[in-house]
Amino acid sequence: AEANKYFLEGREKYLLFQSKGFVEAEPLLKKAIELDPGFGAAYAILSENYTAWANRLKKTGRDKPEFFEKGYELAKKALELAPQSAAAHRAMASAHLGSPRTDAEVCETEARKAVELDSADFLSYFFVWACTGANPDDPSIKKCLEINPRFARGWNDWGSVLAGVGRHDEAIICLQKAIEIIPWDSMA
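Okay, so the sequence shown: first residue is 74 according to my numbering, each after it adds one.
Right, here's the structure in full:
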């Protein structure tokens, strides 16, 4: 019960997809694992926390390749502990997205397996979208945001992709939604 408390707090911080959230999530998720070394979901979210944090730092010119490696190792552990967990497969997809070990095929396969295991998990749809090239018309991003319309990173990333293909009116709508959800987000 106590491990789950730390896990839920850490997951909440991670889901902000903010540098501050990544920093705050790390000790909470580590504490959950310390209290329950067999807690596969905690390994999975800590893995995603490291890879998302590494990608965020990479975008701002402050590479931390060791975070990608930590993310990969934790994803392997999550899969070992919970091979039928959507979170574990999603973590492995995340570990293969934007990292030095990027493998688009593994990324897509793991993300699709996560959706197959839990079709109500918005993050799994997000990773399917991201791992398959972030096509602005891919239904995966729409499904992700339908399941969780408060997922600021999804709105932000979709808006950025739409802007990149010249669909500015749609991009503005997405980016405004991201800002409404997390007004202090420097990436929006």
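Ideal placement from N, C-alpha and C gives every residue a C-beta, glycine not left out.
The count of Cβ pairs closer than 8 Å, one atom from the region 128-141 and one from the region 181-194, stays below three, leaving the stretches out of contact. When Cβ pairs closer than 8 Å are counted between the two stretches, the region 157-171 is seen to touch the region 188-196, the count reaching three or more.
Between the C-alpha atoms of GLN91 and ARG84 there is a straight-line separation of about 12 Å.
In this structure, CYS247 keeps its C-beta atom at 8 Å or more from the C-beta atom of TRP257. For LYS137, the secondary structure class from DSSP, reduced to helix, strand or coil, is coil. Its chain contains ALA76 as the residues whose beta carbon lies nearer than 6 Å to that of ASP109, once the 5 sequence neighbours on both sides are disregarded; these appear in chain order.
Burial is judged here by how many other beta carbons sit within 10 angstroms of a residue's own beta carbon; ASN128 has at least 16 and is buried. A check of alpha carbon separations from LYS250 across VAL96, ARG226, ALA236, HIS241 identifies ARG226 as the nearest.
When DSSP states are grouped into helix, strand and coil, GLY232 belongs to the helix group. The beta carbons of TYR116 and ALA166 sit no closer together than 8 Å. A Cβ-Cβ contact shorter than 8 Å links LEU154 with GLY111.
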